[in-house]
Every structure is written in structure tokens, then in C-alpha cells.
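Numbering (this note's numbering), first residue to last: 691 to 780.
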């Protein structure tokens, strides 16, 4: 027989680790997207910078476009990488 620790390390953790890692990657993706939204409503961060660049009368459309493109590229990159990693886990 195995001890409780051995059962957990050798039996339970290998079975649940892919699900835990997949969920952690999903939450990371959601947090990146939410950070931009929270910034727009006043919490700071990249969304706040995007809001300031897009505000009326500023004329910083090139800066707003650059922020938007970088944010979009970051989200797409994280989505693709986590999707590949999640596929490997299952």
C-alpha cells in the first residue's frame, strides 16, 4: 500500500493537473481582456491609456490605433498559445 502523500502525488495530481492548468490558462486570457475593459471605465492600465488617446479633441488617433493594435495582438497571441498548450494537455 501507498501512503496518503504517495496516492496524491502519483495518482490524483496527474489526473487533475491538465484540468487545473487549462482552467488557469483560461482565467489568464479572461484577465487580460478584462484589464483593458476595466481601464476604460477608470481602473487604470492599458484601457485607461486607450481611453485618453481616444478622448474628444485630443487628436491622438495614431496613438489610439497603436494601443488598440498592440492590445489586439497580445490577446490573439495569448489565445493561440494557450489554445495550443490546452490541446497538448488533453
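All C-beta atoms in this analysis are idealised placements derived from N, C-alpha and C, irrespective of residue type, glycine included.
Taking a C-beta distance under 8 Å as the contact criterion, residue 740 and residue 768 do not qualify as a contact pair. Annotation: the continuous alpha helix (DSSP H) that includes residue 694 extends over 694 to 697. For residue 776, the CB contacts under 7 Å within the same chain, skipping 5 residues up- and downstream, are 712 and 715 in chain order.
8 Å or more divides the Cβ of residue 733 from the Cβ of residue 744. At a Cβ-Cβ threshold of 8 Å, residue 729 and residue 736 count as neighbours. Separation of residue 770 and residue 742 (C-alpha to C-alpha, rounded to the nearest whole angstrom) is 29 Å. In terms of CA proximity to residue 726, 764 leads the group 764, 772 and 747.
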